[in-house]
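Novice: I'd like to ask some things about the structure below.
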Amino acid sequence: MAYLFPSAEWTEQFEQAINSSEEYAGAAKNWEGDIMLVIKDGPGIYLDLWHGVCRGSDFVEDADSKSAEFKITADMDKWKQVLAGKLDPVQGMVTRKIKLDGNLVKIMKNVKAAQELVRCATTVDTRYA
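Residue 77 is where the sequence shown starts when you use the working numbering, and the numbers rise one by one after that.
Encoded structure:
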């Protein structure tokens, strides 16, 4: 079954994918920080990430209604590229195709964790409106 991106159902599947990934758990064992993935001028996906696990997630209609250490914003086309594996989000942040509100140095020190997080997202059977 394909899940609509973005939605509460997709977010739940993403959390399950994160928590079932041994690769993510290993790569993110030292990561501490929550993340808000934002569709520009739209909703957000909140992830409470801590030492290789997702302690919780939330789909929020208004991404500004919840704070996070990292807020990563892109338009829908860029998110589609990320989920298709065609755009590396860290490279997107460096080239400003994706906007980061947060400490880029911390992200750069944890590139493998970021890559594994994206890999988890690509495993969710996704459809778009």
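Yeah, the Cβ is synthetic: ideal placement off N, Cα and C, and Gly gets one too. What you are looking at is a predicted structure, and each value in this text was computed from that prediction instead of being measured.
1) For Met-112, count neighbouring C-beta atoms within 10 Å of its own C-beta (all shown protein chains included) and say buried if the count is 16 or more, exposed if not.
2) Hey, Tyr-100 and Gln-89: beta-carbon distance below 7 Å or not?
3) Excluding five sequence neighbours on each side, which residues of the same chain lie with their C-beta closer than 8 Å to the C-beta of Ile-183?
4) Using C-beta distances below 8 Å, list every residue in its chain close to His-127, excluding the 5 sequence neighbours before and after it, in chain order.
5) Just tell me which of Gly-120, Val-136, Asp-201 has its CA closest to the CA of Thr-149.
Specialist: Checking against the coordinates, here is how it stands:
1) Flag for Met-112 reads buried.
2) Tyr-100 is not a Cβ neighbour of Gln-89, given a cutoff of 7 Å.
3) Taken in chain order, the residues that qualify are Phe-146, Val-166, Met-169, Leu-176, Ala-190.
4) Here the set comprises Ala-104, Lys-105, Asn-106, Trp-107, Glu-108.
5) For Thr-149, the nearest C-alpha among the options comes from Gly-120.
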